[in-house]
Amino acid sequence: MPAAAPLIEGRRLTKRFGDFVAVDGIDFRVERGQAFGFLGPNGAGKTSTMRMIGCVSPISDGELRVLDMDPTVDGTRIRGRLGVVPQEDTLDLELTVRDNVVIYGRYFDLPRPVIREWADELLEFVHLSDRRDDRVDLLSGGMRRRLSIARALINRPELLLLDEPTTGLDPQARHLVWGRLYQLKRQGVTLVLTTHYMDEAEQLCDRLVIMDDGCIAAEGSPRELIDRHSTREVVELRFRTDEDRERALPHVAAVGERYEALADRILVYSSDGEADADRLTNDGVRPDSVLVRRSSLEDVFLTLTGRTLEE
Amino acid sequence: MATPLTVRVVEHQAAIFRRFWRGSVTFYVLNPVMFLAAIGFGLGGLVDETSGHVAGVPYDAFVAPGLMAAGAMLGAGAESMWPVMAGTKWVRTFHAMVATPVRPADVYGGVVVWTAARAFVGASIFLVVAAILGAVLSPWGVLAVPAAALCAAAFAAPLTAFAATQETDARFPLIMRIGILPLFLFSGTFFPISQLPDVLQPLCVLSPLWHGVELCRGATTGSIDFWPAVAHIAVLAACVIAGWRWGRRSFSRKLTQ
Numbered sequence: 001m002p003a004a005a006p007l008i009e010g011r012r013l014t015k016r017f018g019d020f021v022a023v024d025g026i027d028f029r030v031e032r033g034q035a036f037g038f039l040g041p042n043g044a045g046k047t048s049t050m051r052m053i054g055c056v057s058p059i060s061d062g063e064l065r066v067l068d069m070d071p072t073v074d075g076t077r078i079r080g081r082l083g084v085v086p087q088e089d090t091l092d093l094e095l096t097v098r099d100n101v102v103i104y105g106r107y108f109d110l111p112r113p114v115i116r117e118w119a120d121e122l123l124e125f126v127h128l129s130d131r132r133d134d135r136v137d138l139l140s141g142g143m144r145r146r147l148s149i150a151r152a153l154i155n156r157p158e159l160l161l162l163d164e165p166t167t168g169l170d171p172q173a174r175h176l177v178w179g180r181l182y183q184l185k186r187q188g189v190t191l192v193l194t195t196h197y198m199d200e201a202e203q204l205c206d207r208l209v210i211m212d213d214g215c216i217a218a219e220g221s222p223r224e225l226i227d228r229h230s231t232r233e234v235v236e237l238r239f240r241t242d243e244d245r246e247r248a249l250p251h252v253a254a255v256g257e258r259y260e261a262l263a264d265r266i267l268v269y270s271s272d273g274e275a276d277a278d279r280l281t282n283d284g285v286r287p288d289s290v291l292v293r294r295s296s297l298e299d300v301f302l303t304l305t306g307r308t309l310e311e
Numbered sequence: 312m313a314t315p316l317t318v319r320v321v322e323h324q325a326a327i328f329r330r331f332w333r334g335s336v337t338f339y340v341l342n343p344v345m346f347l348a349a350i351g352f353g354l355g356g357l358v359d360e361t362s363g364h365v366a367g368v369p370y371d372a373f374v375a376p377g378l379m380a381a382g383a384m385l386g387a388g389a390e391s392m393w394p395v396m397a398g399t400k401w402v403r404t405f406h407a408m409v410a411t412p413v414r415p416a417d418v419y420g421g422v423v424v425w426t427a428a429r430a431f432v433g434a435s436i437f438l439v440v441a442a443i444l445g446a447v448l449s450p451w452g453v454l455a456v457p458a459a460a461l462c463a464a465a466f467a468a469p470l471t472a473f474a475a476t477q478e479t480d481a482r483f484p485l486i487m488r489i490g491i492l493p494l495f496l497f498s499g500t501f502f503p504i505s506q507l508p509d510v511l512q513p514l515c516v517l518s519p520l521w522h523g524v525e526l527c528r529g530a531t532t533g534s535i536d537f538w539p540a541v542a543h544i545a546v547l548a549a550c551v552i553a554g555w556r557w558g559r560r561s562f563s564r565k566l567t568q
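Chains as they are written, first to last, in the numbering used here: chain A, 1 to 311; chain B, 312 to 568.
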């Protein structure tokens, strides 16, 4: 029996806008049931990739298969089986919360009685039942994002695409969204999301690719990526003055496996952070603050690209 | 049977309209009726006292079909520009549509079809009011309603296509002032084009509104001949088709890059 086809497969996938190469020949596979992430800074090509997968942007080169179909010829059929939560909300501000879901369901040609029933279930799912008759322009950013998610689920998609699902939301709103996405994942919906938040990628993604400048810098599970590209722990040192910082550099180079000197702090990569922090203090390094933490995807990105995600 | 994709977009437009229909009633019904009262009966009384009639009919019967077609054009002008900018840029609802089975060409088609449908309803109401006031002289007048809808489509098709090529609404007021308003005044709406200087009269052939007005007037006064009617319909249809070809491309470029 042949192996099941991946839900999405890109080979040398490329997107150009005139002379500008937004996505530069990337290869990736998304298997059914996975939560797959594109992690990278703004401008890395994540949204362009998402738009090609969502069949709203023709590919410039390479190959792309979505749900084992070709977006170039089967766009309408593929889109009928996708759910899409765009980066910028595209809700009808003048319509009520519920009408937004109902009208969206009509684009998929679902019968109205079915849509009404599912709409109520979905609004329950995203905790918006009590706001169902309010106009969207009265909702907060977090509520709008949840409504976008509810709307994207009206056709019961096998695959949900989320572009920066929690950008611009406050921590509480983010956790609510994460909770809902986690629930969907448990129900077997395949999630593909872009993010420039490493904690989001760590929380939600089974597998992810790190994108930078249109290319894939690394691929794996969050754990694999950290194991492969970073040390177990990191010592973060902050200094009161630049002189203190300069004086510390030779000492820092002597401990740990390697270090990154950023504008506001020095990161020392280490297998035993506490021990190395003690050694530095004994060496006479006087930082303003010392923080020992576990390595994160942020460190992986920094190691691979020499830059932080927020830059 | 699956609902055509264009119709699904029309359903969206109708849902928006259901929230705003009160404002639209003013725009599409009260305004033309006030025009009819002021110009048809106020000014018309004066005209009829002086000349007895215009183009062989009382002035109110002359101007009513002109206002009907012009109202269709004005409605199409307003509907085809700012709401399109809202869909592509301000609120981005068109982007939501093309993430579903709906394609850019369906969005375009839905917007134009809906504008024509609204013009149809507006013209129907106007016709009833005009008939009650005695400004409709022939039962053929009912054909003025589809004629007004066609006139609206002749403007909506190219304007909607144009609106999707724009990044801001800066040019829209310009189109209204130097495009729509002169047509409104000089397309045989308020006076026969024979009143225009001889050199300008042939230019009216270029005005889609003139063709719309001639069709509506021919219907409500029962005076139109077959071949001229065919020619007017052909010109308006040509505007729709040309706009349609443009709109498919401009919506595609705007919504799927």
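Every residue, glycine too, gets a C-beta built ideally from N, C-alpha and C.
Query: Heavy atom of the ligand SAM within 7 Å of ARG81 of chain A beta-carbon; Result: Inclusion of the ligand SAM in the displayed structure is not the case, the ligand content being empty and no account of it being possible.
Query: Three-state secondary structure (DSSP) of ALA44 of chain A; Result: coil
Query: Separation of LEU507 of chain B from ALA549 of chain B, as counted between CA atoms; Result: 26 Å
Query: Reduced DSSP secondary structure (H/G/I, E/B, other) of SER190 of chain A; Result: Ser is not the amino acid found at residue 190 of chain A; the sequence shown has Thr there. Residue state, collapsed to three classes: strand.
Query: Whole-angstrom C-beta distance between LEU193 of chain A and GLY45 of chain A, which should lie under 8 Å; Result: The pair is not a contact, with the Cβ atoms about 15 Å apart (cut-off 8 Å).
Query: Interface flag, ALA590 of chain B vs chain A, CB-CB below 8 Å; Result: Outside the displayed span of chain B (312 to 568) sits residue 590 of chain B, for which this structure offers no information.
Query: Whole-angstrom distance between ARG232 of chain A and GLN87 of chain A, CA atom to CA atom; Result: 33 Å
Query: 8 Å Cβ cutoff, VAL447 of chain B in contact with chain A; Result: no
Query: Neighbouring residues, chain B, relative to ARG98 of chain A (Cβ below 9 Å); Result: Simply none; closest approach about 11 Å.
Query: Exposed unless 16 or more other CB atoms sit within 10 angstroms - verdict on MET1 of chain A; Result: Because MET1 of chain A sits at a pLDDT of 48, beneath the cut-off of 50, its placement in the model cannot be relied upon, and the point is left open.
Query: Chain A contact for THR476 of chain B (CB, 8 Å cutoff); Result: no
Query: Under the three-state DSSP convention, the category MET69 of chain A falls into; Result: strand
Query: 6 Å Cβ shell around LEU526 of chain B - same chain, five flanking residues per side excluded; Result: ALA458 and HIS543
Query: Buried versus exposed, by CB contacts within 10 Å (16 or more), HIS364 of chain B; Result: exposed
Query: is_contact[THR426 of chain B, chain A] using C-beta, thresh 8 Å; Result: no
Query: Cβ of VAL56 of chain A within 8 Å of any chain B Cβ; Result: yes
Query: is_contact[PHE108 of chain A, chain B] using C-beta, thresh 8 Å; Result: yes
Query: Interfacial residues, the region 73 to 86 of chain A to chain B, with Cβ spacing under 8 Å; Result: GLY75, THR76, ARG77, ARG79, GLY80, LEU82, VAL84 and PRO86
Query: Where LEU461 of chain B falls, given that 16 or more other Cβ within 10 Å makes a residue buried; Result: buried
Query: MET211 of chain A: first and last residue of the uninterrupted beta strand (DSSP E) it sits in; Result: 207 to 212
Query: Span of the beta strand (DSSP E), counted from its first residue to its last, around GLY10 of chain A; Result: 8 to 17
Query: Alpha helix (DSSP H) segments (min. 4 residues) lying fully within the region 131 to 176 of chain A; Result: 141 to 152
Query: Test: ILE103 of chain A CB closer than 8 Å to a CB of chain B; Result: yes
Query: With 16 other Cβ atoms within 10 Å as the buried cut-off, status of ALA349 of chain B; Result: exposed
Query: THR96 of chain A - partner residues in DSSP beta bridges; Result: A:ARG135
Query: Expected contact under 8 Å - CB spacing of THR471 of chain B and GLY334 of chain B to nearest Å; Result: Not confirmed; about 20 Å, so no contact.
Query: Contact with chain A by PRO513 of chain B, beta-carbon distance below 8 Å; Result: no
Query: Boundaries of the beta strand (DSSP E) in which CYS215 of chain A is found, first to last residue; Result: 215 to 220
Query: GLY382 of chain B, enclosing beta strand (DSSP E) - first and last residue; Result: Premise fails: GLY382 of chain B lies in the alpha helix (DSSP H), 370 to 396, not in any beta strand (DSSP E).
Query: Member of A:ARG65, A:PRO58 and A:SER57 whose CA lies at the smallest distance from the CA of GLY10 of chain A; Result: A:ARG65
Query: Continuous beta strand (DSSP E) stretch holding GLY433 of chain B: start and end; Result: No beta strand (DSSP E) contains GLY433 of chain B, which is instead part of the alpha helix (DSSP H) from 415 to 443.
Query: Residue range of the unbroken beta strand (DSSP E) whose run includes LEU323 of chain A; Result: There is simply no residue 323 of chain A to check, as chain A begins at 1 and stops at 311 in what is shown.
Query: Inside the region 479 to 557 of chain B only - alpha helix (DSSP H) runs reaching at least 4 residues; Result: 483 to 486, 492 to 497 and 519 to 532
Query: Close Cβ partners of MET487 of chain B (< 7 Å) along its chain, the five nearest in sequence each way excluded; Result: GLY388
Query: Where ALA381 of chain B falls, given that 16 or more other Cβ within 10 Å makes a residue buried; Result: buried
Query: Chain-ordered chain B contacts of LEU95 of chain A [CB-CB under 8 Å]; Result: ALA326, ILE327 and ARG330
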